[in-house]
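Below is the structure:
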């Protein structure tokens, strides 16, 4: 019966997946999102009522999450929707009903590959807009709700951690034990993410096992009946889930625990696969878009990986240990009470932990790279060291947190152990990051490749079962009855399983070969152009912004990871204005590998250039200088410096921008298949000099100089280039008035088509055409 329930649950999951990811929305997964877009627009003034389901503190502000909302504006009324809003105060209790006014703010879409898509993220959680300029008109709280007990308890426990531990340790323990990420140190989170142990920061099934399952077994062993034990443990589990914020992973874990208790009470066998499928259904019925949420995919993916990959691989090793013990007993006169030597037990425990960690790592690899485009190579060993200490960290962390509500002195003693465990984690993670190839950037793989990987891995993980089925069922061979031969066979099968699994991993880690393409990235007010040669080399031109904070970290690096670009061969910098170099400086500071930086031989020296040269030297990056007429590139793709001329001088650094003529010869027949011009921030005077010198002719692509300034894109220059495609890179809101109406008019007359990153997001140009990242809705 339970397998039938599992199958029914899986059918619904497949229907949801097809509706969300496929061409037909069979179940109306996007109905709420579409209904909102039809009624409301950016900045619309609205009144709203709804129920606060949770709140979290971020950057000294409190974000409130509102469900079951009714929103009214001049265009009509929308019911049964959800939204968020932000206040400086956290005084409004959870579970309150409120009446507020504000202005609609639409969640931002990603404008480049690899970028964070705020709209997709919040939609996947069931929230469709944000209210700004909020005025709270009324708050209705119940008798119990008004005390906001669990939120206050969480805040008080975090206060205990803050008093007993250093800042980053207190934030870490708050995240692990009570799901409070408001004080989690960003650098610590990123460090753990880079080495592959960030999962320990989330409330998950481990917490339920340590807190709730331990409690359930404790009271059962003390004689309390199934019903009483189940009710007590289930009640504590639900309270703990509410205390920790009710994340997807905790809801999944607590739900499966409640199903386990119910099965125990009814005397039924617990089936983890059915429980997992049922919990997925319950979440997806509430919000089908959960299936796009990273936390949902990681949480359920981890359990599926454990059930179908990690456990079968571990089972092979357990069989080896079992047959070793049998042989030890028989060799020593069949003394069944004899235990293995302590050294053997420790060795087997370590080996078992590493093999299990290996199984989880290979199972989660496609999911990790799907979201992060890279993977930490040493996470297998690292998780084998980290995970065994987690129950102690969690148990002592929770005990110390609650004890501190009564006595801070007692909490300080109890939290000594978590302090040393966290310190050990930090040391291990930091040293792991220093090891060569600690992480590998591989880029984005498609859903079909993911499916093929899992199919192959599923066969490999169950290699022993496949071999037994073929040998004994299909071929009719007799099973081996010699214990030593059986042990030898299990060892051989485990080795083959691990080798074949590693082969799957190696194939997965090979980045996809890229064809020739030019990507003008949306960096806001600035420039950033990625170019793939089609023969394995990667180029970049400029990379900075004056309108986007940390453009290197949040725009350039995610894009490069998405592309599988673990390094850039040649990075051209036209000049030293920050809207062209700020992101490159960030990447060099972070240690991202740039083989060569290419500058104009006439570049004027200033503080920014000196900073760049110092960072390049520290990063072992070569600095090359191009003169007019110099060529850099590969056999298929070349860049020729056409400006500035030798000895050129100007007080305006824009006028000395390195200007490049790109030529792509795909079949290497001497005929240019695609050409482009990149002129940095040169003005009309420089453009006319280039045209008059006969250094350029017709090009397929023009990266418009100086972001569409009215002082660039001269008519004579455009007439000579007569580009098929022109692309302007600028922000919608900028203080320079870019692009100017005059430049746009000239470009529209000269080019077949003009694109704007502020409207299209990333603009990709290939020999076959142009692709915009954001299509008009």
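In my numbering, the protein residues as written are 86 to 862. Here a beta-carbon is modelled for each residue, glycine too, at the ideal position from N, C-alpha and C.
Beta-bridge partners of residue i, as assigned by DSSP
i           : result
residue 135 : 183
residue 748 : 723 and 760
residue 854 : 851
residue 67  : In the structure displayed, the chain extends from 86 to 862; residue 67 sits before or after that span and is not available.
residue 596 : Residue 596 is not bridged to any residue.
residue 624 : 616 and 655
residue 604 : 615 and 849
residue 188 : 130 and 217
residue 155 : 134
residue 486 : Answer is none; residue 486 lacks a bridge partner.
residue 146 : 143
residue 162 : 157
residue 630 : 611
Distance between beta carbons of residue j and residue i, contact taken as under 8 Å
i           : j           : result
residue 668 : residue 697 : About 12 Å separates the two Cβ atoms, so there is no contact after all.
residue 318 : residue 339 : Going by Cβ atoms, the distance from residue 318 to residue 339 rounds to 11 Å, so no, they are not a contact pair.
residue 384 : residue 337 : 5 Å
residue 315 : residue 346 : 4 Å
residue 743 : residue 684 : 7 Å
residue 460 : residue 527 : 7 Å
residue 828 : residue 798 : 5 Å
Residue i versus residue j: straight-line alpha-carbon distance, rounded
i           : j           : result
residue 495 : residue 357 : 39 Å
residue 329 : residue 511 : 23 Å
residue 86  : residue 355 : Legend: pLDDT at residue 86 = 47, less than 50; position of this residue unreliable, value from coordinates given subsequently. Straight-line Cα distance between these residues: approximately 12 Å.
residue 264 : residue 171 : 20 Å
residue 90  : residue 363 : 8 Å
residue 625 : residue 615 : 5 Å
residue 246 : residue 300 : 23 Å
residue 553 : residue 580 : 16 Å
residue 633 : residue 732 : 35 Å
residue 88  : residue 570 : 36 Å
residue 404 : residue 558 : 21 Å
residue 31  : residue 406 : Since the first residue shown for the chain is 86 and the last is 862, residue 31 is missing from the structure and cannot be characterised.
residue 818 : residue 441 : 52 Å
residue 564 : residue 582 : 20 Å
residue 320 : residue 302 : 15 Å
residue 840 : residue 124 : 29 Å
residue 568 : residue 599 : 53 Å
residue 177 : residue 222 : 12 Å
residue 279 : residue 271 : 12 Å
residue 759 : residue 376 : 41 Å
residue 474 : residue 439 : 14 Å
residue 195 : residue 426 : 58 Å
residue 307 : residue 143 : 43 Å
residue 104 : residue 110 : 4 Å
residue 296 : residue 709 : 59 Å
Identity of the residue in the options nearest residue i by Cα
i           : options               : result
residue 768 : 794, 747, 97 and 544  : 794
residue 361 : 374, 335, 515 and 103 : 335
residue 836 : 786, 823, 849 and 858 : 786
residue 102 : 114, 91 and 482       : 114
residue 281 : 129, 471 and 430      : 471
residue 736 : 687, 711 and 825      : 687
residue 717 : 561, 609, 654 and 442 : 654
residue 651 : 209, 425, 458 and 628 : 458
residue 628 : 664, 602 and 644      : 664
residue 843 : 860, 850 and 851      : 860
residue 386 : 333, 239, 211 and 808 : 333
residue 239 : 412, 175 and 682      : 175
residue 505 : 249, 157, 145 and 561 : 249
residue 276 : 380, 342, 105 and 516 : 516
residue 782 : 789, 803 and 771      : 803
is_contact[residue i, chain C] using C-beta, thresh 8 Å
i           : result
residue 854 : The structure shown contains no chain C; it holds only a single protein chain.
Complete beta strand (DSSP E) runs within the segment 633 to 659 (minimum length 3 residues, chain order): Listed in chain order, the complete beta strand (DSSP E) runs (minimum 3 residues) inside the segment 633 to 659 are 652 to 657.
Entirely enclosed alpha helix (DSSP H) segments - the segment 263 to 347, minimum 4 residues: 271 to 280, 299 to 306 and 311 to 328
Whole runs of the alpha helix (DSSP H) within the segment 675 to 732, excluding any shorter than 4 residues: List check, alpha helix (DSSP H) in window: 692 to 703.
Minimum length 4: unbroken alpha helix (DSSP H) runs contained in the segment 359 to 401: 379 to 390
Uninterrupted alpha helix (DSSP H) stretches inside the segment 194 to 233 (no shorter than 4 residues): The segment 194 to 233 contains these whole alpha helix (DSSP H) runs: 203 to 209.
Whole runs of the beta strand (DSSP E) within the segment 524 to 601, excluding any shorter than 3 residues: 524 to 526
Continuous beta strand (DSSP E) assignments of at least 3 residues falling wholly in the segment 777 to 813: 786 to 788 and 810 to 813
Minimum length 4: unbroken alpha helix (DSSP H) runs contained in the segment 433 to 512: 464 to 471, 475 to 488 and 493 to 499
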